[in-house]
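Scroll down for the structure; my scribbles are underneath it.
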Amino acid sequence: MTSVVDINILELANDPSKQCRICLDNDNPSNLISPCLCSGSQAYVHRKCLNDWRSKNANGQAFKYCNICQFNYIIETVMNDRKADRKRLLKYHLYVFRDLISIILLIQLIIINLAFLLKIVDKNSHHIKNLFPNSINEFVVYYLTAFILLMAIFGLFIFIILFYIGDLDRHNCNSTRKNYFNYNQESALEILFVIIIMVLICAFIGMFIGIILSIIILKKIMKHHTETLWLQQEAEKYIVKDFQERRHELENYKRNLPIEC
Numbered sequence: 001m002t003s004v005v006d007i008n009i010l011e012l013a014n015d016p017s018k019q020c021r022i023c024l025d026n027d028n029p030s031n032l033i034s035p036c037l038c039s040g041s042q043a044y045v046h047r048k049c050l051n052d053w054r055s056k057n058a059n060g061q062a063f064k065y066c067n068i069c070q071f072n073y074i075i076e077t078v079m080n081d082r083k084a085d086r087k088r089l090l091k092y093h094l095y096v097f098r099d100l101i102s103i104i105l106l107i108q109l110i111i112i113n114l115a116f117l118l119k120i121v122d123k124n125s126h127h128i129k130n131l132f133p134n135s136i137n138e139f140v141v142y143y144l145t146a147f148i149l150l151m152a153i154f155g156l157f158i159f160i161i162l163f164y165i166g167d168l169d170r171h172n173c174n175s176t177r178k179n180y181f182n183y184n185q186e187s188a189l190e191i192l193f194v195i196i197i198m199v200l201i202c203a204f205i206g207m208f209i210g211i212i213l214s215i216i217i218l219k220k221i222m223k224h225h226t227e228t229l230w231l232q233q234e235a236e237k238y239i240v241k242d243f244q245e246r247r248h249e250l251e252n253y254k255r256n257l258p259i260e261c
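For the sequence shown, position 76 matches number 76 in the UniProt record's numbering, and the numbering has no gaps at all.
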């Protein structure tokens with residue numbers, strides 16, 4: 001009798017009609033679970049796919065609630081194993097370290113490419129190189145210049161955007177622009193000099209703004225990755241209960257009745 005039941009359960013687990021609602025794949029049907037009130041093609045999901053989705057915690061609810069039927073998952077804690085906890089914690093720190101190194105390497109790649117471009121442009125004139133003492137290594141000269149230029153461009157770009165957004169609130173500047181245009185035609189050299197000075201000032205201001213914004217953005221990115229990676233580890237520790245063979249318990253939840261033990 002036991003063998004017949006086992007065979008029936010195995011056949012049910014390997015049912016080819018089952019499909020993961022996230023990856024839309026029917027491979028590894030034995031790894032599919034039914035964690036919520038969803039039915040039909042939405043009833044099954046791979047545990048790994050569900051854990052990945054929970055770790056993203058969309059709208060701040062995906063970790064505990066189904067995004068389709070809004071069912072509050074029944075969470076089961078995996079047996080407390082200190083060795084497994086240390087392994088999960090180590091994996092979490094490695095992921096955070098990996099993302100941090102990836103971001104740093106990407107920024108360094110951009111700076112180094114810009115440094116080589118500046119070196120090619122400055123090959124004959126040596127204007128950039130002459131700005132630094134001769135004791136400084138040539139690579140360091142162009143690297144520092146590229147870093148400052150990158151920060152200045154980024155900050156100036158942000159500064160222009162902020163200035164443009166603030167300028168949108170001004171509705172009575174048509175006549176002023178017309179007079180300013182006429183003034184440009186009459187005093188082109190003076191206006192060009194003023195523009196150059198303003199660009200340089202904005203570049204220095206933009207560099208500081210760029211550094212501040214870069215730090216803020218970097219912190220937000222790292223915070224996002226940290227929370228996601230931590231939730232990935234938590235999703236492996238606090239797993240969702242599978243109601244695949246106990247759909248009647250879900251019906252009790254649906255009717256707000258206590259689960260039959």
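For each residue, glycine too, the CB sits at the ideal point set by N, CA and C.
All values reported here derive from a predicted model rather than from experimental measurement.
Give me the Cα-Cα distance between residue i and residue j, rounded to the nearest whole angstrom.
i, j, result
"leucine 24", "leucine 229", "24 angstroms"
"leucine 149", "isoleucine 101", "23 angstroms"
"glutamate 134", "threonine 145", "Note on residue identity: the sequence assigns asparagine, not glutamate, to residue 134. Cα-Cα distance, rounded: 15 angstroms."
"valine 121", "isoleucine 111", "15 angstroms"
"glutamine 244", "methionine 207", "58 angstroms"
"valine 140", "lysine 129", "10 angstroms"
"isoleucine 161", "isoleucine 197", "19 angstroms"
"isoleucine 104", "phenylalanine 147", "13 angstroms"
"aspartate 85", "histidine 93", "12 angstroms"
"threonine 226", "serine 41", "33 angstroms"
"isoleucine 205", "serine 30", "60 angstroms"
"phenylalanine 157", "isoleucine 136", "30 angstroms"
"leucine 213", "leucine 109", "20 angstroms"
"lysine 123", "lysine 48", "55 angstroms"
"serine 125", "asparagine 113", "20 angstroms"
"phenylalanine 193", "leucine 117", "27 angstroms"
What residues in its chain sit with their C-beta under 7 angstroms from that of residue i, if we drop five residues either side in the sequence?
i, result
"lysine 91", "Gln233"
"arginine 246", "none"
"tyrosine 164", "none"
Are the beta-carbon atoms belonging to residue i and residue j less than 8 angstroms from one another?
i, j, result
"glutamine 19", "asparagine 26", "yes"
"isoleucine 33", "aspartate 242", "yes"
"tyrosine 142", "alanine 115", "yes"
"asparagine 67", "alanine 235", "no"
"residue 276", "isoleucine 239", "It is not possible to answer for residue 276, since the shown part of the chain is limited to 1 through 261."
"leucine 231", "arginine 54", "yes"
"arginine 21", "lysine 237", "no"
Leaving out five residues on either side along the sequence, give the residues of the same chain with a beta carbon under 8 angstroms from the beta carbon of residue i.
i, result
"histidine 224", "none"
"glutamate 138", "Lys119, Lys129"
"phenylalanine 63", "Arg54, Ser55, Asn57, Leu231, Glu234, Ala235"
"glutamine 46", "Checking the sequence, you will find histidine at residue 46 rather than glutamine. Counting only Cβ-Cβ distances below 8 angstroms, and skipping sequence neighbours, we find Cys20, Ile22, Cys23, Asp25, Asn28, Asn31, Leu32, Ile33."
"cysteine 38", "Arg21, Cys66, Ile68, Cys69, Phe71"
"glutamate 76", "Tyr238, Ile239, Val240, Lys241"
Could you pull the DSSP bridge partners for residue i from this structure?
i, result
"tyrosine 95", "None, per the DSSP bridge assignment."
"histidine 46", "Leu32"
"isoleucine 75", "Val240"
"tyrosine 65", "Asn72"
For residue i, which residues of its own chain have a beta-carbon under 6 angstroms away from its beta-carbon, when the five flanking residues on both sides are left out?
i, result
"cysteine 36", "Cys66, Cys69, Phe71"
"arginine 82", "none"
"alanine 43", "Ser34"
"isoleucine 74", "Lys241"
"phenylalanine 132", "Val141"
message: Whether or not the segment 58 to 70 and the segment 209 to 222 are in contact is what I'm after, with contact meaning three or more pairs of Cβ atoms, one per stretch, closer than 8 angstroms; do they touch?
response: no
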